[in-house]
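Q:
Protein chains: 2
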Amino acid sequence: MVTILVIDDEEDIRELLSYNLKKEGYDVYSAENGEKGLALMLANKPDLIILDVMMPGMDGIEVCEAIRRTEGFQKTLICFLTARNEDYSQIAGLDAGADDYVAKPVKPKVLISRINALLRRKGMITLSNDDVKDLVINREKYIVEKNGTVIHFPRKEFELLALLASKPDYVFEREIILDKVWGSDIVVGDRTIDVHVRKLREKIGDHYIKTVKGIGYKFVEISKQNP
Amino acid sequence: MVTILVIDDEEDIRELLSYNLKKEGYDVYSAENGEKGLALMLANKPDLIILDVMMPGMDGIEVCEAIRRTEGFQKTLICFLTARNEDYSQIAGLDAGADDYVAKPVKPKVLISRINALLRRKGMITLSNDDVKDLVINREKYIVEKNGTVIHFPRKEFELLALLASKPDYVFEREIILDKVWGSDIVVGDRTIDVHVRKLREKIGDHYIKTVKGIGYKFVEISKQNP
DNA sequence: GAGCGTTTTTATTATTTGTTCAATTTCAAA
DNA sequence: TTTGAAATTGAACAAATAATAAAAACGCTC
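These protein sequence lines are chains A and B, in that order. 1054 is the number of the first residue of the first sequence in the numbering used here; add one for each residue after it. 1054 is the number of the first residue of the second sequence in the numbering used here; add one for each residue after it.
(1) B/T1123 touches chain A at which residues, Cβ-Cβ below 8 Å?
(2) From B/R1167 to B/L1101, what does the alpha carbon distance come to, in whole angstroms?
(3) Who are the near neighbours of B/V1106 in its chain, counting only those whose CB is closer than 6 Å to its CB and skipping five residues on each side?
(4) Taking the alpha helix (DSSP H) that A/N1097 falls in, what are its first and last residues?
(5) According to the neighbour-count rule (16 or more other Cβ atoms, all chains shown, within 10 Å of its Cβ), is B/P1099 buried or exposed?
(6) Using the Cβ count rule (16 or more neighbours within 10 Å means buried), how would you classify B/K1220?
(7) With a Cβ-Cβ cutoff of 8 Å, do B/P1207 and A/K1263 count as a contact?
(8) So the candidates are B/D1232, B/D1153, B/L1213; which of them puts its Cα closest to the Cα of B/L1172?
(9) How big is the Cα-Cα spacing for A/F1272 and A/A1218?
(10) Beta-carbon within less than 7 Å of A/E1068's beta-carbon, same chain only, minus the 5 sequence neighbours each way: which residues are those?
(11) Check the Cβ of B/K1128 against every Cβ in chain A and list those closer than 7 Å, keeping chain order.
(12) Provide the residue span of the beta strand (DSSP E) that contains A/K1282, from first to last.
(13) Along chain B, which residues have their Cβ under 8 Å away from the Cβ of A/I1268?
(14) In angstroms with no decimal places, state the Cα-to-Cα distance between B/A1169 and B/I1178.
(15) Taking a contact to mean a Cβ-Cβ separation below 8 Å, would you say A/S1083 touches A/V1055 in this structure?
(16) Under a three-way DSSP split, which group does B/G1113 fall into?
(17) Examine chain A for any beta-carbon lying closer than 8 Å to the beta-carbon of B/A1096, and answer yes or no.
(18) Does the beta-carbon of A/I1190 have 16 or more other beta-carbons within 10 angstroms, so that it is buried, or is it exposed?
(19) Counting C-beta neighbours from all protein chains within 10 Å, is the total for B/G1146 16 or more, i.e. buried, or is it exposed?
(20) Among all the DSSP beta bridges, which residues are the ones paired with B/K1272?
(21) If you draw a straight line from the alpha carbon of A/L1253 to that of A/R1192, how long is it in whole angstroms?
(22) 8 Å is my cut-off, CB to CB: does A/S1166 come that close to chain B?
(23) For the alpha helix (DSSP H) that contains A/I1036, what are its first and last residues?
(24) If distances are taken between C-alpha atoms only, which option among A/G1090, A/K1160, A/G1269, A/Y1079 comes closest to A/L1188?
(25) List the whole-angstrom C-beta distance separating A/G1150 from A/C1117, where the pair is believed to meet the contact cut-off of C-beta under 8 Å.
(26) Whose C-beta lies closer than 7 Å to the C-beta of A/P1109 among residues of the same chain, with five residues either side of it excluded?
(27) Hey, quick one: how far does the beta strand (DSSP E) through A/S1181 stretch, first residue to last?
(28) For the beta strand (DSSP E) holding B/E1226, just list the boundary residues, first then last.
(29) With a cut-off of 8 Å, does the C-beta of A/K1162 fall near any C-beta of chain B?
(30) Run the CB neighbour count on B/A1215, radius 10 Å, all protein chains shown included, and call it buried at 16 or more, exposed below.
(31) Would you say the beta carbon of A/I1230 comes nearer than 7 Å to a heavy atom of the ligand MN?
(32) Within 10 angstroms of its Cβ, does B/T1129 collect 16 or more other Cβ (buried), or is it exposed?
(33) Out of A/L1213, A/I1196, A/V1234, point me to the one whose CA is closest to A/H1205's CA.
(34) CB-CB under 6 Å to B/I1103, same chain, minus the five flanking residues each way: which ones, in chain order?
(35) Would DSSP call B/N1191 helix, strand or coil?
(36) Could you check where the beta strand (DSSP E) with B/S1156 kicks off and where it finishes?
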């Protein structure tokens, strides 16, 4: 489960983002001002916070600083929402605390891909199917969630899954897999990869990992599969 | 499907390139500045980005650096558009991130052949018919798309197709084919090639691969065929 | 050093891929 | 137009590769 908190004073925006983020499979909370936002943050420990810069009361910068001062949230992802006319360089300067920003008016698709990119940078790979985050790989927490339930993966299996999922649709050759997961110097039998792949498939289902005979394996998103 | 993003502040250029690239069968998006371009990039994951160097706001270099800093786009192909009077060496120095550049004023035909060359370097061979990319061979994903649908090819067939398609109209002698696809040391019967050619024809249609009796085979683009 | 979870190996089976063979057809040179 | 080398084709066969299950080896922690 990936949780996102939206803090914006405009109800329209909150609605728009909330609707679209939920449709993308995220768990969304929203607040209309900084105080309420901070309270919700403490209560729900979001993975990412979307924060409007221009707000009455505490503005986005202040909220951002408050977040960064809060124990346990120094590294929580923050994405600013900025008005179009604000200077790019000025925003860049404010980056002290934020991880990214998106200019208003916000296009949901743009925001979502930015968010996915941010999460990925943090080691979270999320794959959605319909309106559910079907699979969430969280490198920081070393956890894989499938439809909300946590599945335990031993190290090698986790690394293999994370590698394949890091580039959906791309074929990883067996040699490359060995190199990245096992290390170039380690020598293991050729069946070792297969066995690990089987264990992954047992746990997350057969659909995701596809064999490319003679080459290697690739990870495919369910929604993109053609039968 | 091969996707290209054009980032240029001049509307005329965007129109010109967009029109010509679409006619060539590419899927094209365009933006008038760096910010919008980056947003479109995140949303559409282009295979290649055409980037004007001289732009108000973020210039091409900055955009290029931003692209390279973005997770998942470190290896996306970038082609610069440079003003004629800009110093070659200066541009070359800036090459930090770009894969190629084309001098303005841009001649669509020149640009397109440069782009095809770039894509090819990445293992993507695209053949167009009318204004559709009829056949796309993607080595990274190990797939062949025919009119948008993916066809599966086993290793030898894939290699053979990729070889023939790599030089349309060029006749590959049987000996050369054996050498490149099977390896110089491997010895296989003479009929083996024929059988593989037959399988290719079964899958992509008879038109593409033409027999040159006594010599070998060649790949011809449909649009160039005379009936 | 016993016990447990993890990782690797081994052996077997299943599946896919690649090759050969032989009958038939095509094609270009005579 | 004939003719024979060359190519096509379908089917049978062989080889390569992967899936699977079960067991052995490893490396922790207690």
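No residue lacks a Cβ here, since even glycine has one placed at the ideal position from N, Cα and C.
A: Checking against the coordinates, here is how it stands:
(1) Taking the first residue of the second sequence as 1, we reach residue 1123 of chain B at position 70. Listed by position along chain A, the residues whose Cβ is nearer than 8 Å to that of B/T1123 are A1170.
(2) Here the question's residue 1167 of chain B lines up with position 114 in the second sequence. Here the question's residue 1101 of chain B lines up with position 48 in the second sequence. Computed Cα separation, rounded: 12 Å.
(3) Counting from 1 along the second sequence, the entry for residue 1106 of chain B is found at position 53. Within the same chain, and ignoring the five residues on either side of B/V1106 in sequence, the residues whose Cβ sits closer than 6 Å to its Cβ are G1113, F1133, T1135.
(4) Numbered from 1 along the first sequence, position 44 holds the residue referred to as residue 1097 of chain A. Note, A/N1097: alpha helix (DSSP H), 1087-1097.
(5) Numbered from 1 along the second sequence, position 46 holds the residue referred to as residue 1099 of chain B. Per the 10 Å Cβ criterion, buried.
(6) Against the second sequence, residue 1220 of chain B aligns to sequence position 167. Counting Cβ neighbours within 10 Å, B/K1220 comes out exposed, since fewer than 16 surround it.
(7) Position 154 of the second sequence, counting from 1, holds the residue named residue 1207 of chain B. Position 210 of the first sequence, counting from 1, holds the residue named residue 1263 of chain A. No, Cβ-Cβ distance for B/P1207 and A/K1263 is not below 8 Å.
(8) On the second sequence, residue 1172 of chain B is found 119 positions in, with the first residue counted as 1. Considering only alpha carbons, the answer is B/D1153.
(9) The count along the first sequence starts at 1 and reaches residue 1272 of chain A at position 219. The count along the first sequence starts at 1 and reaches residue 1218 of chain A at position 165. Distance between the alpha carbons of A/F1272 and A/A1218: 6 Å.
(10) Position 15 of the first sequence, counting from 1, holds the residue named residue 1068 of chain A. None.
(11) For this step, residue 1128 of chain B is matched to residue 75 along the second sequence. None at all; the shortest Cβ gap to chain A is about 10 Å.
(12) Since the first and last residues shown for chain A are 1054 and 1280, residue 1282 of chain A lies out of range.
(13) Here residue 1268 of chain A refers to the residue found at position 215 when the first sequence is read from its first residue. Going along chain B in sequence order, the residues near A/I1268 (Cβ under 8 Å) are Y1195, R1208.
(14) Residue 1169 of chain B sits at position 116 when you count from the first residue of the second sequence. Residue 1178 of chain B sits at position 125 when you count from the first residue of the second sequence. The question names Ala, yet the displayed sequence has Asn at residue 1169 of chain B. Taking the straight line joining both Cα atoms gives about 8 Å.
(15) Within the first sequence, residue 1083 of chain A is the residue found at index 30, counting from 1. Within the first sequence, residue 1055 of chain A is the residue found at index 2, counting from 1. Against a cut-off of 8 Å, the Cβ pair of A/V1055 and A/S1083 comes out as no contact.
(16) The residue you call residue 1113 of chain B lines up with position 60 of the second sequence. DSSP places B/G1113 in helix when its eight states are reduced to three.
(17) Here residue 1096 of chain B is taken as the residue at index 43 of the second sequence, counted from 1. Cβ-Cβ to chain A under 8 Å: yes for B/A1096.
(18) The residue labelled residue 1190 of chain A in the question sits at position 137 within the first sequence. Classification for A/I1190: buried.
(19) By 1-based counting over the second sequence, the position of residue 1146 of chain B is 93. At B/G1146, the pLDDT of 49 sits below 50, so the modelled position is not reliable; the number obtained from the coordinates is stated separately. Classification for B/G1146: exposed.
(20) As a working note, residue 1272 of chain B is residue 219 in the second sequence. The sequence given here places Phe at residue 1272 of chain B; Lys does not occur at that position. DSSP lists B/I1262 as partners of B/F1272.
(21) If you number the first sequence from 1, residue 1253 of chain A lands on position 200. If you number the first sequence from 1, residue 1192 of chain A lands on position 139. So the two alpha carbons sit approximately 16 Å from each other.
(22) Translated into positions along the first sequence, residue 1166 of chain A becomes position 113. Output row for A/S1166: interface = yes.
(23) Since the displayed chain A opens at 1054 and closes at 1280, residue 1036 of chain A lies outside it and no answer follows.
(24) Here residue 1188 of chain A corresponds to residue number 135 of the first sequence, with the count starting at 1. Of the candidates A/G1090, A/K1160, A/G1269, A/Y1079, the one whose C-alpha sits nearest the C-alpha of A/L1188 is A/Y1079.
(25) Start at 1 with the first residue of the first sequence, and residue 1150 of chain A comes out as number 97. Start at 1 with the first residue of the first sequence, and residue 1117 of chain A comes out as number 64. The beta carbons of A/G1150 and A/C1117 sit about 4 Å from each other, so the pair counts as a contact at 8 Å.
(26) The residue given as residue 1109 of chain A occupies position 56 in the first sequence. Around A/P1109: D1062.
(27) The residue given as residue 1181 of chain A occupies position 128 in the first sequence. Its beta strand (DSSP E) spans residues 1177-1182.
(28) Within the second sequence, residue 1226 of chain B is the residue found at index 173, counting from 1. Run containing B/E1226: 1224-1226, per the beta strand (DSSP E) assignment.
(29) If you number the first sequence from 1, residue 1162 of chain A lands on position 109. So yes, A/K1162 belongs to the interface.
(30) Locating residue 1215 of chain B in the second sequence gives position 162, counting from the first residue. Buried, because 16 or more other Cβ atoms sit within 10 Å of the Cβ of B/A1215.
(31) With respect to small molecules bound, the structure shown includes none, and the ligand MN cannot be examined in it.
(32) In the second sequence, counting from the first residue as 1, residue 1129 of chain B sits at position 76. Burial call: buried.
(33) Locating residue 1205 of chain A in the first sequence gives position 152, counting from the first residue. Of the candidates A/L1213, A/I1196, A/V1234, the residue whose Cα lies closest to the Cα of A/H1205 is A/I1196.
(34) By one-based count along the second sequence, residue 1103 of chain B stands at place 50. Excluding positions up to five away in sequence, the list reads V1059, C1132.
(35) Along the second sequence, read from residue 1 onward, the residue named residue 1191 of chain B stands at position 138. In the structure shown, B/N1191 sits in a strand (DSSP, three-state: E or B).
(36) Position 103 of the second sequence, counted from the start, is the residue given in the question as residue 1156 of chain B. Sequence check: residue 1156 of chain B is Ala here, not Ser. Segment 1153-1156, the beta strand (DSSP E) holding B/A1156.
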